[in-house]
Amino acid sequence: MDENDLSDAVVEAMTHTAVPHVDSARLIAVHGGVEGRKLAAAVLHLVQEANAMPIEWGDKTLVQGVNDVMSRYRAMHPGLSADALREIGRCVAWNWR
């Protein structure tokens, strides 16, 4: 599975959700049981990885903190699309709020 597939899966799993989360059921419905579960696990791993990134808050606002983490995350995963990174960042911001 390449980062284009992962980008598509991130967008598919999260774009339509009001509260940012990985919608595993949607990926399974779209891609079938085996592939959908693999994609859901991979997307969940990406989100957990971003959420676990350390940050020195100092005087940063929530937006500045998320931007800091996501700029470092983008460097770790340069093949992820801007849309996928936006959705992962939305999850990070929601979890930190």
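Quick note: the sequence shown uses numbering that gives the first Met the number 0, first residue 0, plus one each step.
Glycine included, every Cβ here is placed at the ideal spot set by N, Cα and C.
Using the C-alpha atoms, what's the distance from asparagine 3 back to arginine 96?
-> 29 Å
Cα-Cα, which of Gly88, Ala28 and Thr60 is closest to asparagine 50?
-> Gly88
Contacting residues, own chain, Cβ-Cβ under 8 Å from valine 10 (five flanking each side not counted) | Ser80, Asp82, Ala83 and Glu86
Taking Cβ to Cβ, would you say valine 21 is nearer than 8 Å to alanine 12?
-> For valine 21 and alanine 12, yes; Cβs fall inside 8 Å.
Three-state secondary structure (DSSP) at glutamate 2?
-> Glutamate 2: helix per DSSP, three-state reduction.
What are the boundary residues of the alpha helix (DSSP H) that serine 80 is part of?
-> Run containing serine 80: none; DSSP gives neither H nor E here.
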